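Protein chains: 2
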Amino acid sequence: MTAGYDPHAFEPFAVTVDLAVFTVRAGALHVLLIRRGQEPYAGTWALPGGFVLPRESAETAARRELAEETGLAPDVVAALHLEQLRTYSDPDRDPRMRVVSVAFTALVPDMPEPAAGGGGDADRARWVPVGEAAAPGADPGPGSDPGVGSGLAFDHAVILADARERVGSKLEYTCLASAFCPPEFTLGELQAVYETVWDTALDRPNFRRKVLATPGFVEAVPGAARLTGGRGKPAALYRPGPATTLHPPLLRPSEGPTR
Amino acid sequence: MTAGYDPHAFEPFAVTVDLAVFTVRAGALHVLLIRRGQEPYAGTWALPGGFVLPRESAETAARRELAEETGLAPDVVAALHLEQLRTYSDPDRDPRMRVVSVAFTALVPDMPEPAAGGGGDADRARWVPVGEAAAPGADPGPGSDPGVGSGLAFDHAVILADARERVGSKLEYTCLASAFCPPEFTLGELQAVYETVWDTALDRPNFRRKVLATPGFVEAVPGAARLTGGRGKPAALYRPGPATTLHPPLLRPSEGPTR
DNA sequence: TCAAAAGTGTTGTGTATACACCCATGT
DNA sequence: ACATGGGTGTATACACAACACTTTTGA
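Line by line, the protein sequences are chains A and B. Sequential numbering of the first sequence, starting at 5, is according to the numbering used here. Sequential numbering of the second sequence, starting at 5, is according to the numbering used here.
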């Protein structure tokens with residue numbers, strides 16, 4: 005595969021980005037995957053990503069790839085929360101050549117049709133529940149496409165696991181949960197994000213107090229209220245506030261057996 | 005476009021590692037710097053680092069460079085705490101060519117003679133107080149070497165600032181502080197680490213309780229006691245325990261205006 | 001009238017902070 | 001004796017978990 009490349013200079017490194025893009029859909033954490041069209045790992049699922057171009061930083065490349073592979077509008081992509089996870093540099097992580105990959109984590113709200121319509125690679129993309137994507141060889145049920153659940157390409161299973169862990173931790177001490185929500189959301193929706201990512205139930209009154217007591221976490225939308233699926237009392241709407249960190253943190257219940 | 009590995013589609017990237025190695029000396033946080041011998045930035049100070057070799061991961065390269073530039077024994081280097089910070093990939097961060105650098109943070113105990121004796125690049129290395137290294141253009145006092153304090157090479161000032169911030173945060177929710185201490189240490193020494201890195205005073209009785217109440221943070225060395233510089237009551241000695249995370253965290257006082 | 005979801009109140013338990021106090025050692 | 005640093009005790013404030021309760025909507 006490296007034929008045609010100049011063999012006399014030092015061995016070239018390729019630098020790529022890989023993206024772990026998460027969303028919360030239907031009460032489950034989903035990750036954006038792409039079915040590979042070429043070898044190696046043709047036909048298997050992989051994290052979206054691609055090469056860093058000569059005049060790009062890794063961050064720029066990540067946003068460009070994200071736009072190409074989700075079909076989102078450029079201004080939406082520019083505003084997304086995108087964060088470096090870590091860099092994966094094992095010499096054998098790609099069977100053909102030396103590829104060092106900078107992995108990123110992105111959090112997006114649930115989109116009407118996640119990765120359809122737009123040209124480019126978007127038609128090969130799909131939202132996959134992380135439980136399904138992370139389980140190697142355990143294909144869950146007959147309804148799901150073949151390939152998902154039978155292992156991700158390259159070291160992407162490791163990257164996904166690292167990213168998932170990072171997202172869980174981030175919710176504890178940052179205000180990032182609102183990145184999973186639409187521009188205006190109810191506290192019930194925000195709580196559902198926490199419960200989905202952490203896979204734990206939270207006490208609603210205490211969650212509510214905690215969020216409202218943290219200055220700048222959320223801001224009330226003055227007169228607005230939303231009918232939550234028809235049933236129940238309409239809930240007040242909130243917007244993300246200016247704060248970015250949570251002091252003191254909002255710890256998940258399972259963690260920290262204090263005694 | 006994204007999935008294709010066209011070898012002609014990209015220019016070669018060089019991949020390097022940069023190391024922010026910290027220690028606590030004489031009540032101040034110090035970082036290991038190297039005076040550059042070659043252009044660009046010849047004569048100015050820089051973080052130690054170097055190229056990732058064709059068959060190395062970034063982690064392996066970081067440990068190798070650390071051993072070469074500090075003259076430490078290989079087994080000591082192998083046991084050190086080394087952690088990926090992030091990757092710096094701005095296209096213009098190196099004036100000569102495209103260099104992507106994976107930055108690492110390392111925490112080491114105070115060493116008798118930090119970077120002397122051993123061959124290689126160790127004789128160009130020096131421990132520098134971070135306040136001195138971080139201040140661009142502020143040369144502190146006539147006793148210090150010229151060059152330190154007049155700005156670091158490349159984007160190393162940014163890397164150093166990021167690393168310093170990370171170390172401060174790490175002390176809050178991990179047991180890493182003991183990495184700055186000798187194999188056996190007193191609680192006073194451990195507290196001094198926190199106070200030095202955070203630049204705040206801590207209440208000794210409360211700090212003591214907090215550390216001892218966290219299972220696995222430290223383990224008492226049975227019969228031992230050390231005379232702390234001669235003055236005062238001899239202090240009990242402790243070893244690092246098996247725990248790695250701190251639940252609940254040990255927050256620095258300045259952070260988190262709770263109200 | 002009932003179910004469902006939002007929102008408020010109260011109370012016990014634990015952790016943190018601030019500070020007072022005692023102990024052992026060198027000068 | 002006294003300064004210095006190690007170690008213990010305790011009262012107060014604050015934060016959190018648990019749970020009972022009220023409110024507003026659709027069916």
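Idealized CB from N, CA, C, for every residue including glycine. Please read all numbers here as calculations on a predicted model, not as lab measurements.
Best match in the options for proximity to residue i [C-alpha to C-alpha]
i             : options                       : result
residue 27/A  : 99/A, 172/A, 79/A and 105/A   : 172/A
residue 83/A  : 94/A, 70/A and 91/A           : 70/A
residue 80/B  : 48/B, 89/B and 113/B          : 113/B
residue 60/A  : 95/B, 204/B, 39/B and 167/B   : 95/B
residue 219/A : 206/A, 235/A, 207/A and 243/A : 243/A
residue 191/A : 85/A, 102/A and 241/A         : 241/A
residue 257/A : 235/A, 133/A and 206/A        : 206/A
residue 67/B  : 110/B, 49/B and 93/B          : 110/B
residue 136/B : 255/B, 253/B, 34/B and 254/B  : 34/B
residue 209/A : 195/A, 222/A and 221/A        : 195/A
residue 129/B : 226/B, 49/B, 174/B and 255/B  : 49/B
residue 165/B : 77/B, 127/B and 138/B         : 138/B
residue 85/B  : 222/B, 179/B and 226/B        : 179/B
residue 175/B : 32/B, 101/B, 255/B and 47/B   : 255/B
residue 177/B : 215/B, 161/B and 204/B        : 215/B
Through-space distance from residue j to residue i, alpha-carbon basis
i             : j             : result
residue 245/B : residue 106/A : 33 Å
residue 249/A : residue 63/A  : 22 Å
residue 213/A : residue 115/B : 49 Å
residue 97/A  : residue 159/A : 6 Å
residue 155/A : residue 217/A : 43 Å
residue 108/B : residue 185/B : 20 Å
residue 87/A  : residue 202/A : 20 Å
residue 199/A : residue 182/A : 13 Å
residue 30/B  : residue 188/B : 18 Å
residue 253/B : residue 163/B : 25 Å
residue 131/A : residue 36/A  : 5 Å
residue 141/B : residue 39/A  : Note that residue 141/B scores 49 on pLDDT, short of 50, meaning its location in the model is unreliable and no value can be drawn from it.
residue 197/A : residue 193/B : 42 Å
residue 73/B  : residue 73/A  : 43 Å
residue 93/A  : residue 227/B : 46 Å
residue 78/A  : residue 32/A  : 27 Å
residue 46/B  : residue 204/A : 56 Å
residue 55/B  : residue 170/B : 24 Å
residue 127/A : residue 161/A : 22 Å
residue 101/B : residue 101/A : 21 Å
Residue j beta carbon less than 7 Å from that of residue i
i             : j             : result
residue 41/A  : residue 20/A  : no
residue 51/A  : residue 22/A  : yes
residue 230/A : residue 224/A : no
residue 16/A  : residue 99/A  : no
residue 18/A  : residue 103/A : yes
residue 90/B  : residue 134/B : no
residue 211/B : residue 247/B : no
Residue i classed as buried or exposed, judged by whether at least 16 other C-beta atoms fall within 10 angstroms
i             : result
residue 9/A   : With a pLDDT of only 34 at residue 9/A, under the threshold of 50, the placement of this residue in the model should not be trusted; the figure read from the coordinates follows. Its Cβ having fewer than 16 others within 10 Å, residue 9/A is exposed.
residue 75/B  : buried
residue 251/B : exposed
residue 237/B : exposed
residue 235/B : exposed
residue 146/A : Here the model assigns residue 146/A a pLDDT of 43, short of 50, so the residue's position is not dependable, and the following value carries that caveat. Classification of residue 146/A: exposed, given that the 10 Å Cβ count is below 16.
residue 65/B  : buried
residue 5/B   : Low per-residue confidence applies at residue 5/B: pLDDT is 43, beneath 50, and the placement is therefore not dependable enough to give any value.
residue 157/A : buried
Would you list, in chain order, the members of the stretch 84 to 100 of chain A that have their beta-carbon closer than 7 Å to a beta-carbon of chain B?
88, 90, 91, 93, 94, 95 and 100
Using Cβ-Cβ distances below 7 Å, what residues of the stretch 59 to 80 of chain B are close to chain A?
59, 60, 61 and 62
Mind listing which residues of the stretch 206 to 236 of chain B have their C-beta closer than 7 Å to chain A's C-betas, in chain order?
none
At a CB distance below 7 Å, what residues from the stretch 168 to 190 of chain B approach chain A? Give them in sequence order.
none
Tell me which residues of the stretch 247 to 258 of chain B have at least one Cβ-Cβ distance to chain A shorter than 8 Å, keeping chain order.
251, 252, 253 and 255
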